[in-house]
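Reviewing the structure listed below.
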Amino acid sequence: MIELKGVKKSFGKHEVLKDVSIKVEEGEVVVILGASGSGKTTFLRCINFLEKADEGTMQFGDKTIDFKTAKKNEILHVRRHSAFVFQNYGLFANKTALQNVMEGLTQVQKKSKAEAEKIAKETLDWVGLSDRYDYYPSQLSGGQQQRVGIARAIALKPEVILFDEPTSALDPELVGEVLDLIKKVAQMGITMLVVTHEMSFAQDVADKVIFMDAGVVVEEGKPDEIFVNPKEERTRQFLSRIISLEPMYNI
Amino acid sequence: MGSYFDFERFLFVFPKVISCIGVNLQIVAVSMFFGTILAVFVALARLKPIPVLREIISVYISFMRGTPLLVQMMIAYYGIPLLLSDVFLNVFGINLNRLDSVIFVEIAIVLNEGAFLGEIFRGAISAIPAVQKEAAYSIGMTGAQSFFRIVLPQSFKLIIPAYGIDLVGVFQNTSLVFTLGIVDLLGKAKTLGAATGHTLEGYISATIIYIALSLILKGFFLTVERKVYSYGV
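Residue numbers (our numbering), protein chains in the order written: chain A, 134 to 384; chain B, -16 to 216.
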């Protein structure tokens, strides 16, 4: 469904992505892991053209797009068939929860106001915010904001949702509610590409785990393979460091 | 000799001074209207890096911010007719030397405001976090949709307080026009002072009017601000 080949991106002299290629099948949940600065967020942003990749191609559905020469309508096509969930929520500050979800439905998909409102309300109900329609983002907790962010994404019925560290900005006690929701989205069968540091989430939900380091894909495979039996030394180091940080509840 | 300040003289002078307020208000209204329009273009030109235009605008802004408004008014008043009177006479059939001097004052303030307000607008627009625009793009909005529906409405909240301060400033700056022989509030106070030999009453009248109007304008913008701030940060 989505295949990226040879994606390269530099910020000035700093080469963030050095030839990254991945493939995501329809309905697959792919989790990208890696240390800070490994280029995983930049990579995700390149897919949605929030960052302009220097080189590489993307097969998106039946369209092939060259990042170097991507045209406006190609970029819009990708953006209109995908959705992005931001680390710091990215809700429109001047709009209520309901309006945030409706915005894309009315302005981009040109649905009528009544229809958009119906969809938006259903989606907000689904993410458990039926009592927060008219709240502005500043009046919502981090977890609630991120749930609105996810509602805004799924209301558009995208072919793929890109999650950029959706729980990194949350209080530890709010992480759970958002992760549960993302799991619920995964069970709907939407194709998902998730950048996260939540190892147990990756283990539970992912169909495929990609481990990135220093701008390249070091290893990819099924979660069991990666977590239990990583082939690469770099992956092993990373996992041992992360997993030792997670709390242990053994008696 | 008598006293410097006499209440009866004040009561006599005050209505005469306030009757000239229309001149000031007209200058404020005209220059804010066109100044705001100009400022929108200035801000947009500053935000979109268009090679040559960018340099021109930056010189224009540093000139407008680096010279006193009074100097700009003088240059507009004496310079524009000198430079353009032939062109205007031949092409449009307008004799610039016959034009009301208020128009030159307004041109000066419009150009001045274009620079000052332009910088206010640019600052407010670029202060909106990048993620707002990115979020708009991510749901498939176009650049124009993202700007007009998401970024601009949010920047209003930053623009309005500064705009209010600026407007009050322009109102007070209109007091400079009497130097070009225009009879506004202050001009009237000065003329009355010269005619009667009692200056203080006229100036106090002008002071009261300036303060009162500034407070009214301030109050108006505070109300608007509160309405716009309703959605919090």
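Even glycine gets a Cβ: it sits at the ideal position worked out from N, Cα and C.
Quick caveat: nothing in here was measured; it's all calculated off a predicted structure.
Cα-Cα separation, residue i to residue j
i: Leu137 (chain A); j: Thr190 (chain A); result: 6 Å
i: Val88 (chain B); j: Thr202 (chain A); result: 51 Å
i: Gly5 (chain B); j: Leu168 (chain B); result: 9 Å
i: Arg369 (chain A); j: Ser169 (chain A); result: 16 Å
i: Met325 (chain A); j: Ser138 (chain B); result: 34 Å
i: Ala189 (chain B); j: Val166 (chain B); result: 13 Å
i: Glu366 (chain A); j: Asp267 (chain A); result: 51 Å
i: Val281 (chain A); j: Thr256 (chain A); result: 9 Å
i: Pro270 (chain A); j: Arg285 (chain A); result: 13 Å
i: Met(-16) (chain B); j: Ile194 (chain B); result: Interpretation of Met(-16) (chain B) is limited by its pLDDT of 45, a score under 50 that renders its predicted location unreliable; no figure is taken from the coordinates.
i: Val216 (chain B); j: Ala172 (chain B); result: At Val216 (chain B), the pLDDT of 49 sits below 50, so the modelled position is not reliable; the number obtained from the coordinates is stated separately. Going from the Cα of Val216 (chain B) to the Cα of Ala172 (chain B) covers about 46 Å.
i: Phe131 (chain B); j: Ile111 (chain B); result: 13 Å
i: Arg213 (chain A); j: Pro291 (chain A); result: 7 Å
i: Glu188 (chain A); j: Thr239 (chain A); result: 34 Å
i: Lys185 (chain A); j: Cys179 (chain A); result: 6 Å
i: Gln336 (chain A); j: Ser301 (chain A); result: 17 Å
i: His181 (chain B); j: Asp69 (chain B); result: 44 Å
i: Val350 (chain A); j: Ala145 (chain B); result: 50 Å
i: Phe(-7) (chain B); j: Phe71 (chain B); result: 45 Å
i: Ile343 (chain A); j: Pro305 (chain A); result: 24 Å
i: Phe24 (chain B); j: Arg37 (chain B); result: 12 Å
i: Gly172 (chain A); j: Lys228 (chain A); result: 32 Å
i: Asp346 (chain A); j: Phe176 (chain A); result: 12 Å
i: Val318 (chain A); j: Asp340 (chain A); result: 14 Å
i: Val13 (chain B); j: Phe99 (chain B); result: 16 Å
i: Phe296 (chain A); j: Val157 (chain A); result: 14 Å
Residues bridged to residue i [DSSP beta-bridge criterion]
i: Asp297 (chain A); result: A:Val328
i: Phe193 (chain A); result: A:Ile135 and A:Lys196
i: Val140 (chain A); result: A:Val153
i: Asp346 (chain A); result: A:Val349
i: Tyr146 (chain B); result: Per DSSP, none; premise fails for Tyr146 (chain B).
i: Ala216 (chain A); result: A:Ile294
i: Tyr60 (chain B); result: The partner list for Tyr60 (chain B) (beta bridge, DSSP) is empty, contrary to what the question assumes.
i: Glu188 (chain A); result: A:Lys141
i: Leu166 (chain A); result: A:Phe344
i: Glu148 (chain A); result: A:Ser143
i: Gly354 (chain A); result: A:Val342
Beta-carbon spacing of residue i, residue j below 8 Å
i: Lys116 (chain B); j: Ile133 (chain B); result: yes
i: Phe219 (chain A); j: Glu236 (chain A); result: no
i: Gly97 (chain B); j: Ala22 (chain B); result: yes
i: Gly185 (chain B); j: Cys3 (chain B); result: no
i: Met15 (chain B); j: Val153 (chain B); result: yes
i: Glu298 (chain A); j: Thr174 (chain A); result: yes
i: Gln242 (chain A); j: Leu183 (chain A); result: no
i: Val293 (chain A); j: Ile135 (chain A); result: yes
i: Asn95 (chain B); j: Leu52 (chain B); result: yes
i: Gly147 (chain B); j: Leu198 (chain B); result: no
i: Lys225 (chain B); j: Leu135 (chain B); result: Only positions -16 to 216 of chain B appear in the structure, and residue 225 (chain B) is not among them; the question remains open.
i: Leu262 (chain A); j: Ala230 (chain A); result: yes
i: Ile10 (chain B); j: Ile92 (chain B); result: yes
i: Phe200 (chain A); j: Val211 (chain A); result: no
i: Leu183 (chain B); j: Phe(-5) (chain B); result: no
i: Ile39 (chain B); j: Ile63 (chain B); result: no
i: Leu163 (chain B); j: Met56 (chain B); result: yes
i: Val234 (chain A); j: Ala247 (chain A); result: no
Beta-carbon neighbours of residue i, restricted to chain C and to distances below 8 Å
i: Gly223 (chain A); result: Of the protein chains in the structure, A and B, none is chain C.
**Report entry** Near-chain B residues of the region 169 to 187 of chain A - C-beta to any C-beta below 9 Å
**Finding:** The region 169 to 187 of chain A vs chain B, Cβ under 9 Å: Arg178, Asn181, Phe182 and Leu183.
**Report entry** Members of the region 165 to 179 of chain B near chain A, C-beta cut-off 9 Å
**Finding:** Per Cβ criterion, the list is empty.
Query raised in the report: Just checking, does the region 257 to 276 of chain A make contact with the region 158 to 172 of chain B on the three C-beta pairs under 8 Å criterion?
Result: No contact exists between the region 257 to 276 of chain A and the region 158 to 172 of chain B.
Requested in this report: Pull out every residue of the region 133 to 164 of chain B whose Cβ sits closer than 7 Å to any Cβ of chain A, in chain order.
Outcome: Residues of the region 133 to 164 of chain B whose Cβ lies closer than 7 Å to any Cβ of chain A, in chain order: Ile133, Pro136 and Gln137.
Query raised in the report: When you check each C-beta in the region 113 to 132 of chain B against every C-beta of chain A, which residues fall closer than 8 Å?
Result: Against chain A - using a Cβ distance shorter than 8 Å - the residues of the region 113 to 132 of chain B are Val114, Gln115, Glu117, Ala118, Ala119, Tyr120, Ser121, Ile122, Gly123, Met124, Thr125, Gln128 and Arg132.
Report task. Mind checking the region 273 to 289 of chain A against chain B and listing, in chain order, the residues whose C-beta falls within less than 9 Å of any C-beta there? Result -> From the region 273 to 289 of chain A, only Gly282, Arg285, Ala286 and Leu289 have a Cβ closer than 9 Å to chain B.
Query - Contact the region 64 to 81 of chain B vs the region 107 to 114 of chain B: 3+ CB pairs below 8 Å - result: No contact exists between the region 64 to 81 of chain B and the region 107 to 114 of chain B.
**Report entry** the region 29 to 45 of chain B in contact with the region 114 to 131 of chain B per 3-pair CB rule at 8 Å
**Finding:** Segment contact: the region 29 to 45 of chain B against the region 114 to 131 of chain B, fewer than three CB-CB distances shorter than 8 Å; contact not assigned.
Query raised in the report: Is there contact here, the region 302 to 315 of chain A with the region 151 to 160 of chain A, by at least three beta-carbon pairs under 8 Å?
Result: No, they do not touch.
Report task. With 7 Å as the limit, tell me which residues of the region 197 to 217 of chain A have their beta carbon closer than that to any beta carbon of chain B; keep them in chain order. Result -> Taking 7 Å as the Cβ-Cβ cut-off against chain B, the residues of the region 197 to 217 of chain A that qualify are Leu209, Arg212, Arg213, Ala216 and Phe217.
Requested in this report: Could you run through the region 240 to 252 of chain A and flag, in chain order, every residue whose CB is less than 9 Å away from some CB of chain B?
Outcome: Answer set for the region 240 to 252 of chain A: Gln240, Val241 and Gln242.
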